[in-house]
Amino acid sequence: MSGLSGEPPDMTGQTPEVSEPTPESKVPSVAARLALWQRSGGVITPILTALIAFLIGGLVVFATTGKNPLNTYKAIFKGTGLSWLSPVSIHWHLFYPAGIHWTGWDTTSPTALNLQQTLIVVTPLILTGLAVAFAFRCGLFNIGGNGQYTVGALVAVQFGVWFAGLPGPLHVIVAMVAATLAGAVWGGIAGVLKAATGAHEVITTIMLNWIALWVGSYLVGFNGPLQDPRAISAPVTRPIADSAHLHVFWGNPLLQGLHVGFFIAIAMLFVYWILLNRTTLGYEVRAVGFNAEAARYGGISVGRNFFLAMAISGAFAGLAGSIDILGWEFNLDLTVVQTVQVGFIGIAVALLGRNSAIGIFFSALLFGALLTGTSTRNLDPSVFQPELAGNLTRIIQGLVVLFVGADLLIIYLWQARKKLRLPQRKAAEQP
Amino acid sequence: MKRKRTLLWLGVAALCALIVGATASAQRSATAKVALVTDIGGLNDKGFNHLSYVGLQRAQKQLTAAGGVNGRVFITNSANDRKPNLQTAAQTGNGLVIAVGVLFEFGPLDDVAPAFPNTKFAGIDVDYGGLSKKPTNVRGIQFREQEAGYLVGYAAGLWETRHPVKGKMVVGGVGANKVPAIVRFLAGYRAGVHKANKTIKVLIDYANDPTFADQAKCKETTLNHIGKGSRVEFEAAGACGLGGLSAAKQKHIWGIGVDADQSFLGKHILTSATKHVDVAVFNTIKQFKANPSGFKAGFNTNYTLKNNGVGYGKLSSALSKADRTYITKKVNTIKTLIIEGKIKPPTS
Numbered sequence: 027m028s029g030l031s032g033e034p035p036d037m038t039g040q041t042p043e044v045s046e047p048t049p050e051s052k053v054p055s056v057a058a059r060l061a062l063w064q065r066s067g068g069v070i071t072p073i074l075t076a077l078i079a080f081l082i083g084g085l086v087v088f089a090t091t092g093k094n095p096l097n098t099y100k101a102i103f104k105g106t107g108l109s110w111l112s113p114v115s116i117h118w119h120l121f122y123p124a125g126i127h128w129t130g131w132d133t134t135s136p137t138a139l140n141l142q143q144t145l146i147v148v149t150p151l152i153l154t155g156l157a158v159a160f161a162f163r164c165g166l167f168n169i170g171g172n173g174q175y176t177v178g179a180l181v182a183v184q185f186g187v188w189f190a191g192l193p194g195p196l197h198v199i200v201a202m203v204a205a206t207l208a209g210a211v212w213g214g215i216a217g218v219l220k221a222a223t224g225a226h227e228v229i230t231t232i233m234l235n236w237i238a239l240w241v242g243s244y245l246v247g248f249n250g251p252l253q254d255p256r257a258i259s260a261p262v263t264r265p266i267a268d269s270a271h272l273h274v275f276w277g278n279p280l281l282q283g284l285h286v287g288f289f290i291a292i293a294m295l296f297v298y299w300i301l302l303n304r305t306t307l308g309y310e311v312r313a314v315g316f317n318a319e320a321a322r323y324g325g326i327s328v329g330r331n332f333f334l335a336m337a338i339s340g341a342f343a344g345l346a347g348s349i350d351i352l353g354w355e356f357n358l359d360l361t362v363v364q365t366v367q368v369g370f371i372g373i374a375v376a377l378l379g380r381n382s383a384i385g386i387f388f389s390a391l392l393f394g395a396l397l398t399g400t401s402t403r404n405l406d407p408s409v410f411q412p413e414l415a416g417n418l419t420r421i422i423q424g425l426v427v428l429f430v431g432a433d434l435l436i437i438y439l440w441q442a443r444k445k446l447r448l449p450q451r452k453a454a455e456q457p
Numbered sequence: 234m235k236r237k238r239t240l241l242w243l244g245v246a247a248l249c250a251l252i253v254g255a256t257a258s259a260q261r262s263a264t265a266k267v268a269l270v271t272d273i274g275g276l277n278d279k280g281f282n283h284l285s286y287v288g289l290q291r292a293q294k295q296l297t298a299a300g301g302v303n304g305r306v307f308i309t310n311s312a313n314d315r316k317p318n319l320q321t322a323a324q325t326g327n328g329l330v331i332a333v334g335v336l337f338e339f340g341p342l343d344d345v346a347p348a349f350p351n352t353k354f355a356g357i358d359v360d361y362g363g364l365s366k367k368p369t370n371v372r373g374i375q376f377r378e379q380e381a382g383y384l385v386g387y388a389a390g391l392w393e394t395r396h397p398v399k400g401k402m403v404v405g406g407v408g409a410n411k412v413p414a415i416v417r418f419l420a421g422y423r424a425g426v427h428k429a430n431k432t433i434k435v436l437i438d439y440a441n442d443p444t445f446a447d448q449a450k451c452k453e454t455t456l457n458h459i460g461k462g463s464r465v466e467f468e469a470a471g472a473c474g475l476g477g478l479s480a481a482k483q484k485h486i487w488g489i490g491v492d493a494d495q496s497f498l499g500k501h502i503l504t505s506a507t508k509h510v511d512v513a514v515f516n517t518i519k520q521f522k523a524n525p526s527g528f529k530a531g532f533n534t535n536y537t538l539k540n541n542g543v544g545y546g547k548l549s550s551a552l553s554k555a556d557r558t559y560i561t562k563k564v565n566t567i568k569t570l571i572i573e574g575k576i577k578p579p580t581s
């Protein structure tokens, strides 16, 4: 159970919902202290990870453009639209605020548009993050989020085109459920293979990604069965019926405002937590994740849990695909099938979020904000050249993933700091 | 006191006149603000995004009169960037927004353009007739691929005729898929070959590549043609066609490139049927610059041989001098005839 084991399922302590009995009257037991340490380490290491990634990203910005990285980061933050949440804008003069202006919450401002776009990107990232995290908790590494997402998107678009006569909410639910099931099947295949033959899920999910990509390319590509017959010059499906559109609650529905799918993703964070921590299924999944052999000895069917964990993971990713289609995309084109990265970014989201619901929310927010903030739309060319803007996103993303992978090092440093402090304290206490 | 007030009024009036005059002159010599919204693939895609960017850069360099052109590029990294990019481009005061790529036709232009009636939009490869809401401030930009196909077909036919072999004379054309632009290229190609020599057999086949990027598919189709005796292969197939062109190189026959001048691939490229996206972007900006408020939209603009929207690329340096002079002369004659409207290459 030491944090040094590096197993992501171990690092669950920071979630407030894990209630550790901390006897307040007595001296805390070793276990409680360990939990406390894990809790602090659990929160602090991802933050350190992100900070170090940004620090090195800043050095890269400085080395390549010769410009002050702080200005670049300020511009990125401005582009994320997150400043909309604060009703006042503060003008900083070096280190002290030079002026504070009341801006209120103007829902038509460009900042509002940016925040809407950030949250639209965050929505599927939460879900693909969950797709990776749920499998992680069962000791499985689901790299197939991208394929499961693609399958969900394909099914959602076709169900959105069919059943055009259905009333709005029903049509949305039908398309969403079908896409979720399709994602579950796609993930479940890897689970069954793992349970039945021992085929490693990393290999099978990567293969299933490619199968989804090429089947999808065939379906929506030129002369494919899903290609819009009216759009013969473009590899794109028919648009889904209006009744299958998710309700846009903020912004202009025609101009890609924020849709209610965001709340579905938030709700799924709670579902994830309840499923893992408050059900027998979740208990078994976690038991298998901690130690499959011990779980088997305890009478838990490991194979069944491998299948269920992968199927539920796939369901989250499939749902993500359907929310993108029904929320803002409305059709599916070949370039999307071939270039979508949502499932892969989900791996980074789960790693940085340490597989906990609250962690996944914040790391999805971080990655979504980075994607929106570094788009050329928001990053002024005078701050950063348009040719480089997209690459900066990838640099920071890559650094975050690298350091998440290297969080062992960070945990070690964190521990070393405590060890250093302990003798100091002892020395201070002795006289 | 009264005089003072008169003076004050005079001053205010002068100030007003100054402001009005300044804004009026600002309008006359205004910088043209132009935005370019690319599609997925990045600025260095060696394709439409890149060529459009070249057109914008040329416009900024050459159209320097009266404030010049202020260009801004919006790169589309993923599908969810398309609409916000168009919207932000319009909101930030760009009078002309150029969207690159056919996928803007299905949703983005239809939804965003009507919300910004004072902004003009142009879509590269967008067919105005395909827009479901027909926004009146959108101009489609289309190319007459058949004219470029006709010229390279004619060049292929001339070479084949000057280098006869025993038996049948065969040339081929490969398309990635049966989509309108490709069909037009190949229809022009076939007619061009026959213009040079009616006895040459023209094989036309489609690789049926759903992605336009699967080189193996075009290579297979091309090798099939070469097996049937083809000595010139025209690859109207984007990235898929690169496979066909490498097959031509392997089998020591001529290849003909498409879209960009692909002579950089090697001496086996006889010539290329080129589509000048950069010229289209430059000309669109030029028209807008000349008269921003009078920039007409609500239809397609065709880019043709006449306005240098399509053409043919460099002839291979491996051609003998006699061949090169002969082909250049003959092709240019035909080019003039097409420009004058005396030859109308078929579209299917």
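Protein chains in written order, with the working numbering: chain A, 27 to 457; chain B, 234 to 581. We treat Cβ as the ideally placed atom computed from N, Cα and C, and that holds for glycine.
Query	Result
Partners in chain B for E355(A), counting only beta-carbon separations shorter than 8 Å	A312 and N313
Those residues which DSSP pairs with T455(B) across a bridge	Answer is none; T455(B) lacks a bridge partner.
Of the residues F532(B), K547(B), D442(B) and V306(B), the one placed nearest N277(B), counting alpha carbons only	V306(B)
Where A506(B) falls: helix, strand or coil (DSSP)	strand
Any chain B beta carbon closer than 7 Å to Y244(A)	yes
Three or more C-beta pairs below 8 Å linking the region 379-389 of chain B and the region 558-571 of chain B	yes
Closest residue to M233(A) among V286(A), Q174(A), T223(A) and G308(A) (Cα-Cα distance)	Q174(A)
Among V311(A), R312(A), I102(A) and I290(A), the one whose alpha carbon lies nearest that of I422(A)	I102(A)
Whole-angstrom distance between G544(B) and I572(B), CA atom to CA atom	11 Å
Proximity test, Cβ basis, 7 Å: G369(A) and chain B	no
Minimum Cβ-Cβ distance from Q423(A) to chain B less than 7 Å	no
Per-residue contacts from V333(B) into chain A (C-beta, under 8 Å)	None at all; the shortest Cβ gap to chain A is about 12 Å.
Cβ contact check for the region 524-544 of chain B and the region 293-303 of chain B: 3 or more pairs under 8 Å	no
Secondary structure of H197(A), DSSP reduced to three states	helix
Cutoff 7 Å: A440(B) Cβ touching any chain A Cβ	no
Residue environment, Y298(A), which counts as buried when at least 16 other CB atoms sit within 10 Å	buried
Status (buried if at least 16 other CB within 10 Å, exposed otherwise) for A76(A)	buried
Closest residue to P72(A) among R447(A), V426(A) and A442(A) (Cα-Cα distance)	V426(A)
Per DSSP, cross-strand counterpart(s) of E466(B)	G405(B) and G488(B)
Residues of the region 231-257 of chain A whose Cβ lies closer than 7 Å to any Cβ of chain B, in chain order	S243, Y244, G247, F248, N249, G250 and A257
Proximal chain A residues relative to L336(B), where beta-carbon distance stays under 8 Å	A260, V262, D359 and T361
Three-state secondary structure assigned by DSSP to H271(A)	coil
Residue nearest to L352(A) in terms of C-alpha spacing, selected from G105(A), H197(A), I384(A) and L307(A)	H197(A)
Test: V407(B) CB closer than 7 Å to a CB of chain A	no
Test: K366(B) CB closer than 7 Å to a CB of chain A	no
Inter-residue spacing [alpha-carbon to alpha-carbon] between R420(A) and L397(A)	9 Å
Neighbour-count burial assignment, F337(B), 16 or more Cβ in a 10 Å radius	buried
CA nearest to the CA of T534(B), picked from G373(B), G476(B), L364(B) and V407(B)	G373(B)
Neighbour-count burial assignment, A257(B), 16 or more Cβ in a 10 Å radius	Here A257(B) scores only 43 on pLDDT, less than 50, and its place in the model should not be relied on; the value that follows carries that caveat. When all chains shown are included, A257(B) counts as exposed.
Length of the line joining the Cα atoms of T531(B) and L358(A)	The sequence given here places Gly at residue 531(B); Thr does not occur at that position. If I take the Cα positions, the gap works out to 26 Å.
Cα-Cα separation, Q320(B) to G283(A)	12 Å
Classification of L30(A) by the beta-carbon crowding that lies within 10 angstroms, buried from 16 upward	Caution applies to L30(A), whose pLDDT of 38 falls short of 50 and renders its modelled position unreliable; the value that the coordinates give is listed next. With fewer than 16 other Cβ atoms within 10 Å, it is exposed.
N- and C-terminal bounds of the beta strand (DSSP E) containing G165(A)	It is not in any beta strand (DSSP E) - G165(A) carries neither H nor E in the DSSP assignment.
Pairwise C-alpha distance: A388(B) and A429(B)	8 Å
7 Å CB neighbourhood of S269(A) in its chain, flanking five on each side removed	A190, L192, P193, G194 and H197
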